[in-house]
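The sequence shown begins at 439 in the numbering used here and counts up one residue at a time. Data first, discussion second: the structure below is written as structure tokens.
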Amino acid sequence: MQIHEVEGNNMRDALERARSVHGDGAIVLTHRSARDGGVTLAVADGTPGGARELEHLRSEARGLLGKRRAPSRRRPRAPGTEDVERVMRATGASQVLIDRVAEAVAGRLPEGTHPLDLAAEEIGLVFPVAKARRTPGTTSVFAFVGHTGVGKTTSIAKLGARFVRAGKRVALATIDAGSVGAVERLRAYGEILRAPVFALRDAAQLALELDFLAGIDVVLLDTTGDLARDTREIGELREVLSRTQANVTVETYLVLSAVGSLAALDGVTSATRDLQPAGCVITKLDETPVPTPALEHAMHVRLPIAFLSDGPDIARNFHRATADTFADLILRGKIS
Ligand SMILES: Nc1nc2c(ncn2[C@@H]2O[C@H](COP(=O)(O)OP(=O)(O)OP(=O)(O)O)[C@@H](O)[C@H]2O)c(=O)[nH]1
Ligand SMILES: [Mg+2]
439 MQIHEVEGNN MRDALERARS VHGDGAIVLT HRSARDGGVT LAVADGTPGG ARELEHLRSE
499 ARGLLGKRRA PSRRRPRAPG TEDVERVMRA TGASQVLIDR VAEAVAGRLP EGTHPLDLAA
559 EEIGLVFPVA KARRTPGTTS VFAFVGHTGV GKTTSIAKLG ARFVRAGKRV ALATIDAGSV
619 GAVERLRAYG EILRAPVFAL RDAAQLALEL DFLAGIDVVL LDTTGDLARD TREIGELREV
679 LSRTQANVTV ETYLVLSAVG SLAALDGVTS ATRDLQPAGC VITKLDETPV PTPALEHAMH
739 VRLPIAFLSD GPDIARNFHR ATADTFADLI LRGKIS
């Protein structure tokens, strides 16, 4: 078993780097912080045989870090990549992502292309895009799950409008029937879209509407923001449908706010893991100059990104996630 040093801009950054270089099984033995916030970790690339070996590794690691100078947040850069680092830092990119993009750019610079264009190409390769998976002749239920106020209902209206424009037959449904005004708001969107609206007691009730659903391509299902309840209900709906109806599929999409904390992003992701979400929508990108952490969160948890929302307007502020929109956000902080 070997001890490795891993430097990062801060603790989270160093941990991400340790995980990406040495794998999920790497063990942090000790760490050292510098005055500018930089962190150096000493990590072991495996599981120690027992407490004695762990203690031995720890003392070796402490000796190793004790001899080192404090880590510096500024690493030397290949000429031409300074702009890439500067703009990515401004949008909140982690050191791991900056290094990955800057190294790819440095390796290709003799091509004579502008470093930011090369960076845009590399960014396009890094982030997972959710593929639309509609099977003709079936009804797709897309359930939108996320913390209260992140933009679930608004995203449903926006996506509904896209499907209607594409000639799909859309229905809206909600299990948020108890919240003041929730059903009325969905009905108002239903009127605009000329789409039927179901206020459901619970999600499994949707399985009783099978005759009706046979004529519908897409049901957009709104939820309450109570993640435990929403997860349970979507699980039950899937269960009932799997027994009764092969032509209806249920996919979950997480709605993640770009202004939410990393703890909130982690929380919704782990609370809904059992539903195996097909992808996510990242909202409120207009409300922060640092949109990259939310995108990186999706990348770390291997959650494909389906749509990006940069304002409340139903018609204008909803974009399919693409390599170009990721590059816009990470290099310019907003979608052009
Ligand atoms: N600036 C901005 N506002 C947004 C965006 N998406 C939604 N909103 C606004 O955020 C507020 C909450 O949006 P909702 O769609 O009601 O959120 P929700 O997740 O359904 O909320 P609950 O039903 O209370 O759980 C509304 O005022 C929306 O107009 C966005 O991308 N940018
Ligand atoms: Mg809502």
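For every residue, glycine included, the Cβ atom is placed at its ideal position computed from N, Cα and C.
Identified DSSP bridge partners for glycine 446: Indexing the sequence shown from 1 puts residue 446 at position 8. Bridge partners of glycine 446: Val477.
CA-CA distance, alanine 558 and alanine 761? By one-based count along the sequence shown, residue 558 stands at place 120. By one-based count along the sequence shown, residue 761 stands at place 323. Linking alanine 558 to alanine 761 through their CA atoms gives a straight-line distance of about 8 Å.
Rounded to a whole number of angstroms, what is the C-alpha to C-alpha distance between leucine 495 and leucine 733? On the sequence shown, position 57 is the one that residue 495 refers to. On the sequence shown, position 295 is the one that residue 733 refers to. In this model, leucine 495 and leucine 733 are separated by some 36 Å (Cα to Cα).
What are the start and end residues of the beta strand (DSSP E) that includes aspartate 660? Within the sequence shown, the letter at position 222 stands for residue 660. For aspartate 660, the enclosing beta strand (DSSP E) stretches over residues 656-660.
Give every residue whose Cβ lies closer than 7 Å to any heavy atom of ligand 1, listed in chain order. The chain-ordered list of residues whose CB is nearer than 7 Å to some heavy atom of ligand 1 reads Gly584, Thr586, Gly587, Val588, Gly589, Lys590, Thr591, Thr592, Ser593, Asp614, Ser617, Ala620, Asp660, Thr662, Gly663, Val693, Thr721, Lys722, Leu723, Asp724, Glu725, Ser747, Asp748, Gly749, Pro750 and Asn755.
Which of helix, strand or coil DSSP assigns to phenylalanine 764: For the purposes of this step, residue 764 is taken as residue 326 along the sequence shown, with counting starting at 1. Collapsing the DSSP output to three states places phenylalanine 764 in a helix.
Touching or not, the stretch 467-480 and the stretch 735-755, by the rule of three or more beta carbon pairs under 8 Å? At 8 Å Cβ cutoff, the stretches do not touch.
Where does glutamine 714 land, buried or exposed, given buried means 16+ other C-beta within 10 angstroms? Start at 1 with the first residue of the sequence shown, and residue 714 comes out as number 276. By the beta-carbon neighbour count (other beta carbons within 10 angstroms, threshold 16), glutamine 714 is exposed.
Are phenylalanine 580 and threonine 661 close, meaning C-beta to C-beta below 8 Å? Here residue 580 refers to the residue found at position 142 of the sequence shown. Here residue 661 refers to the residue found at position 223 of the sequence shown. For phenylalanine 580 and threonine 661, no; Cβs fall outside 8 Å.
Runs of 3 residues minimum, wholly inside the stretch 723-762: which ones carry the beta strand (DSSP E) assignment? Complete beta strand (DSSP E) runs here, min 3: 743-747 and 756-758.
Under the DSSP definition of a beta bridge, which residues are partnered with tyrosine 691? To locate residue 691, count along the sequence shown from 1; it is residue 253. Note: tyrosine 691 sits in a beta bridge opposite Phe582 and Gly717.
In this structure, how does DSSP classify serine 617 when only helix, strand and coil are distinguished? Residue 617 sits at position 179 when you count from the first residue of the sequence shown. DSSP places serine 617 in coil when its eight states are reduced to three.
If you compare alpha carbons, which of Val459, His442 and Glu520 is closest to aspartate 501? Mapped onto the sequence shown, residue 501 falls at position 63. According to the sequence shown, residue 501 is glycine rather than aspartate. Residue His442 is the option with its Cα nearest to glycine 501.
Give the secondary structure of valine 471 by DSSP, where H, G and I count as helix, E and B as strand, and everything else as coil. For this step, residue 471 is matched to residue 33 along the sequence shown. Note that residue 471 is serine in the sequence shown here, rather than valine. Strand.
For a test of the three-state rule: what should DSSP assign to leucine 638, helix, strand or coil? Along the sequence shown, one-based indexing puts residue 638 at 200. In the three-state reduction of the DSSP assignment, leucine 638 falls in the coil class, being assigned neither a helical nor a strand state.
Taking the alpha-carbon positions, what's the valine 539 to glutamate 560 distance? Here residue 539 is taken as the residue at index 101 of the sequence shown, counted from 1. Here residue 560 is taken as the residue at index 122 of the sequence shown, counted from 1. If I take the Cα positions, the gap works out to 6 Å.
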